[in-house]
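Worksheet: one structure, shown below.
There are 2 protein chains.
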Amino acid sequence: MSNKMLTYENIDITGGFWKARQDLNRKTTIWNVYKRFCDTGRFAAFKMNWKEGMPNKPHYFWDSDVAKWLESVAYLTMKGREPELEAIVDEVVDDIERGRMENGYFNIYHQLFEPDNIFKKRQQHELYCAGHLIEAAIAYDYATGKGKFLSLMKEYARHIKTVFMDERTAAFDTPGHEEIELALVKLYDYTGEKEWLELARFFVDMRGSQNKMNEINIQSHLPPREQRSAEGHAVRASYLYSAMADLALRCEDSGLKEACDAIFEDIITSKMYITGSVGSTKNGESFEDSFRLPNDTAYAETCAALALALFARRMERMDADSRYADTIERVIYNGFLSGVSLDGKSFFYENAQEIDLENRKIVRASLHDNRNIHFPITQRLEVFGCSCCPPNVTRFIASIGDFVYNYTDDTIYVNQYMESTAKIDGLTITQTTEYPYDGRISVKLTGGARRLALRIPGWCRVYTIGKNGASVSAPVEKGYAYVDAADGDEITLELRITVRRVKADSRVRANRGMIAVTYGPFVMCMEGVDNGGSLGNVKLVGRNATVTWDEQLNVPAILCPAVRETVEGLYSDSVVTEPFTAKLIPYFAFANRGETDMRIWIENI
Amino acid sequence: MSNKMLTYENIDITGGFWKARQDLNRKTTIWNVYKRFCDTGRFAAFKMNWKEGMPNKPHYFWDSDVAKWLESVAYLTMKGREPELEAIVDEVVDDIERGRMENGYFNIYHQLFEPDNIFKKRQQHELYCAGHLIEAAIAYDYATGKGKFLSLMKEYARHIKTVFMDERTAAFDTPGHEEIELALVKLYDYTGEKEWLELARFFVDMRGSQNKMNEINIQSHLPPREQRSAEGHAVRASYLYSAMADLALRCEDSGLKEACDAIFEDIITSKMYITGSVGSTKNGESFEDSFRLPNDTAYAETCAALALALFARRMERMDADSRYADTIERVIYNGFLSGVSLDGKSFFYENAQEIDLENRKIVRASLHDNRNIHFPITQRLEVFGCSCCPPNVTRFIASIGDFVYNYTDDTIYVNQYMESTAKIDGLTITQTTEYPYDGRISVKLTGGARRLALRIPGWCRVYTIGKNGASVSAPVEKGYAYVDAADGDEITLELRITVRRVKADSRVRANRGMIAVTYGPFVMCMEGVDNGGSLGNVKLVGRNATVTWDEQLNVPAILCPAVRETVEGLYSDSVVTEPFTAKLIPYFAFANRGETDMRIWIENI
């Protein structure tokens, strides 16, 4: 099955959970990222006049940081012009026009510092930067109708095609950091020009053709169509898998599809945190062995979670199976959203899956330096030396509507529940819901009849479906409930949201003997600040849970009976327990009140 | 309090658990170690005629391997002459006499290969080898009255004193591997010659005088009397701490005693496995940070457990506190005894605290090589390249009687329960017991009256004490029950042995959510071979337990209700459980039936 995707331009998020986040993104986050990028010289770098002795020497990935910010502005612009932001974009575009080389090439770092090494060093991110600039240019072209940026990027893309594919004069054959592949597919989708699809295909097909096992971190250990497991740098990998899925769909390439199927299965059955984060180790920022998902040393980069959602989104268009949308939901409400603070100003690059300050103190006090232990930071920062995540967050939130629908000629798949209005093939589809704070969702169709496929989330055991106020039966297949809707029909879905205690596959050694509490799509966590400090000896008791609301954080909270259990000595059956009521909040809201312990996985006695 | 120690020569183990092990040691183990040491050239090396091109090039620690074997023969000899073994010792002594240098120095490796580097390379174990030869010579002198070995070693010791202490012409001041310190104290005890105590003291006092933090692995980061935590190579450390305790006792040195107190406390409250094993990492074979006691990657060297018992034994003479004997008991019935197979032929160097074969397969399949993960071997071997453990096992079992008693003028401390007859100050003390298979212990005193201090094991909650058949009250202080015994009195102690479910301090992250089952002094474990293969998803249910006997292994076994719990998918609250009866055996008996999973720490629902 191949179906179409409704993209950001055709859907407005009109209220609820995501509208609040989009508003914050527009009002605060986009500007805060801009300011920090100015402070650190990232925008000035486009003037191409950095000289030795000046502060903020441009880095070879800076073009991409700004490109993602430009793309974010384009998405915002589609939903409401922002002249000040647009002026900044236009200035950057002018800078690129002025700064680029005659052949269309543009890369700040290489033009300034290593002109002799253009397309000679595979790990220096030229094609990665180009990919992000192309994505930005497409979005900006659509949003504003200003053609210059896209025209510059098409010239650059054509130069890349000449060097890499036609003349093969580059010193390497495929990028060290994937990204351009999916950008080229977007360029093909937007322009209809086949050459971009061919170039994307070339980059995917050439990868790993030398079967170098030592290049596993950059997914070059095997040709992509022979790969069956998620390996190496988690962001690079997931961008590649996204492009593979893009090509599988557009070229009806069953070989690539088979690879994508196996890799996706590998991720969600053995390499993903419960929060949807992936890439569990700082070593190479990479996927680890199956089931090696340590909590205390988790890396779990924000960009990697986001990239998994991109991959799942592409897979969803080929299979009407709710596992893809379930995975996206897991990511967007947890491991992606934890990447930005509640005030919209600061970011996690790594997303801690546990904070055990006492243990960190013990380990840091040590003189053993050969153990390769890395703990993620405990509080968000406004900018990083490698600041890929912040502008990835802004563009992702601005285009979150992408994930809501896809459709075939007769069926509209409702993958995510967000208060919104969308236009699909001349129809209007209106969702009204407070999801995920409330399980009631109304979907109203006007302008024609269609079959609706409503996703029943994997966490939901009880639900009812109604049409115009009367209950209807809706057959469920692969997690979607199918119901026919005539013009003007209101379909209602009521999902019962309950507190669940979830266990992990016993091969995830880090979670043995523990449970995680979930509430709807939210993975809940305990923070020390709510629970008396250190959480090392806390255990939940029984199965009672009370749902409440945290006014300060503006999120739901769960109260559970619990104890602190203290063992007398290192090993003993003499145990002292002190009862208390534990409070859990959604994981995404952790670390907004200062450094404190945090646990998702907790013992339950 | 300073009291005397009854040593091996004055106690005969006459039956029960340890007699069986001593018989096996005499009949099988001592010969098997001998044969493997012959195969590998360790005995031939003493001929000092190895030449390039020959197999089995002598290593710089080989002298010590053989020395411990010689010492073992001496202990066996004290309880029954073994002419064949004695002839082997005599030949080695003759070899040493022939091979040694005029100044008394003896070291196979250095004399053959690095004569110019004698006492120049701190890490090359010359003083460590010398220490073990001295210990062997003392034991052999006592056992046989043949004075040659001791006389050679005293000349060597005098040469060491000249070079290191009097003339200070060695290139280093203290050994890179401790051992000689405690050997010199033994030499002082045996000969009454003060110079050996002074030399031991010199080696302890000079250590760490340069405060080099990078020398923490060899305990030279601080002067010993300033040390407060167990650090670095676990065997070296524990030998040093033993010597420190030796000196604290003999020199009434409160500074050293204070250091020993703090270090012992540090070990038993934060750095010891439940089996009494120490040194949790292969990196430097060392103590790790507090509470870092991983099960799957445990190192837990047999020699380190043994050395902890030596340290505890010395501490016990200064404080009548049962924690020392409890620690010794933990070691000898678990982490030490696991070091040798039930057939007495093969050995663990590392002692696995968990075997999870499926996880090993997952991790080994990986291409990540920078994670410093080491799994211990799963089956014992007859000899190792570095074969320090096997002859340490033979000498330790042969002299296990050392741990039973110590005494003051008015009190005899019964620290360990073993069927035995001992002579103390003209009295005879006879223990009759099947301990630890049965909790009834009879202690009969003849030839005089004394106060008996009976250790109440830390694991025992209920016990009764009787005198000549009638119950008596016996005040308990620091874990010892005190009862007066007249000449001819039979004191009986009945310890109720129960199945316990023990928890670990919550800071031991590896054991969170788990319990360990114990039975008397035995730490129990599950093996895959008894429990359907992989143990990753096994959980004990409730608190029922049935004690039974394993006829094949000849050990007690515990049967508990259990389930295999399978989670549907990576994370879910859909769980399938399959009930079964789990069987647990004493940890020391694991790995005697082929490679299979093993767990001590298990979830209990």
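Protein sequence lines, in the order shown, are assigned to chains A and B. Counting in the working numbering, the first sequence runs from 1 upward without gaps. Counting in the working numbering, the second sequence runs from 606 upward without gaps. We put the beta carbon where it would ideally sit given N, CA and C, even for glycine. On a predicted model such as this, the values are computed, not experimentally measured, just so you know.
- DSSP places residue 849 of chain B in no beta strand (DSSP E) but in the uninterrupted alpha helix (DSSP H) bounded by 839-855.
- With fewer than 16 other Cβ atoms from the protein chains shown falling within 10 Å of its own Cβ, residue 548 of chain A counts as exposed.
- Taking a beta-carbon distance threshold of 7 Å, residue 269 of chain A counts as an interface residue toward chain B.
- In summary, residue 449 of chain A is exposed, with fewer than 16 beta-carbon neighbours lying within 10 Å of its beta-carbon over all protein chains present.
- Assignment of beta-bridge partners to residue 524 of chain A by DSSP yields A:586.
- Chain A has a Cβ within less than 7 Å of the Cβ of residue 1110 of chain B.
- Around the beta carbon of residue 895 of chain B, a 10 Å sphere encloses 16 or more other beta carbons of the protein chains shown; the residue is thus reported as buried.
- Residue environment for residue 831 of chain B: exposed (fewer than 16 other C-beta atoms within 10 angstroms of its C-beta).
- The alpha-carbon of residue 9 of chain A is positioned some 8 Å away from that of residue 75 of chain A.
- Uninterrupted beta strand (DSSP E) stretches at least 3 residues long and entirely within the stretch 1047-1082 of chain B occur at 1055-1060 and 1068-1072, given in chain order.
- DSSP links residue 1036 of chain B through a beta bridge to B:1025 and B:1048.
- The Cβ-Cβ distance between residue 1201 of chain B and residue 1133 of chain B falls below 7 Å.
- Counting the other CB atoms within 10 Å of its CB gives residue 543 of chain A a total below 16, which places it among the exposed residues.
- In the structure shown, residue 877 of chain B adopts extended strand secondary structure according to DSSP, grouped into three states.
- Put simply, the backbone Cα of residue 146 of chain A is about 12 Å away from that of residue 152 of chain A.
- Under the DSSP assignment, residue 181 of chain A falls in the alpha helix (DSSP H) whose first and last residues are 180-191.
- At a cut-off of 7 Å, the C-beta of residue 290 of chain A has a neighbouring C-beta in chain B.
- Proximity of residue 1124 of chain B to chain A, defined by a Cβ-Cβ separation below 7 Å, is not satisfied.
- The beta carbon of residue 503 of chain A sits closer than 7 Å to those of 515, all from its chain and outside the five residues before and after it, given in chain order.
- Straight across, the Cα-Cα distance linking residue 864 of chain B with residue 652 of chain B is about 43 Å.
- Within the stretch 922-940 of chain B, no residue places its CB atom closer than 8 Å to a CB of chain A.
- DSSP places residue 938 of chain B within a helical segment (H, G or I) once states are collapsed to three.
- Contiguous alpha helix (DSSP H) elements confined to the stretch 281-344 of chain A occur at 302-316 and 322-330, taking only those with 4 or more residues.
- Here residue 346 of chain A carries a coil assignment [DSSP, helix/strand/coil].
- The C-alpha of residue 165 of chain A lies about 7 Å from the C-alpha of residue 199 of chain A.
- Rounded to whole angstroms, the separation of the alpha carbons of residue 253 of chain A and residue 193 of chain A is 19 Å.
- DSSP, reduced to helix, strand and coil, places residue 1206 of chain B within a strand of the structure shown.
- Residue 203 of chain A sits away from residue 162 of chain A, with the two beta carbons spaced by 7 Å or more.
- Closest in C-alpha terms to residue 431 of chain A, from the list A:519, A:489, A:539 and A:398, comes A:489.
- Residue environment: residue 574 of chain A is assigned as exposed (fewer than 16 neighbouring CB atoms within 10 Å of its CB, all protein chains considered).
- Non-local C-beta neighbours of residue 539 of chain A in its own chain, meaning closer than 6 Å and more than five positions away in sequence, comprise 563, 565, 603 and 605, ordered along the chain.
- Comparing alpha carbon positions, the residue from B:1022, B:763 and B:747 closest to residue 736 of chain B is B:763.
- Residues of chain B with a Cβ closer than 7 Å to the Cβ of residue 99 of chain A do not exist, since the nearest Cβ in that chain sits about 39 Å away.
- The beta-bridge partner set that DSSP reports for residue 959 of chain B consists of B:1204.
- Looking at A:333, A:45 and A:420, the one whose alpha-carbon comes closest to that of residue 95 of chain A is A:45.
- The three-state reading of DSSP puts residue 126 of chain A in helix, counting H, G and I together.
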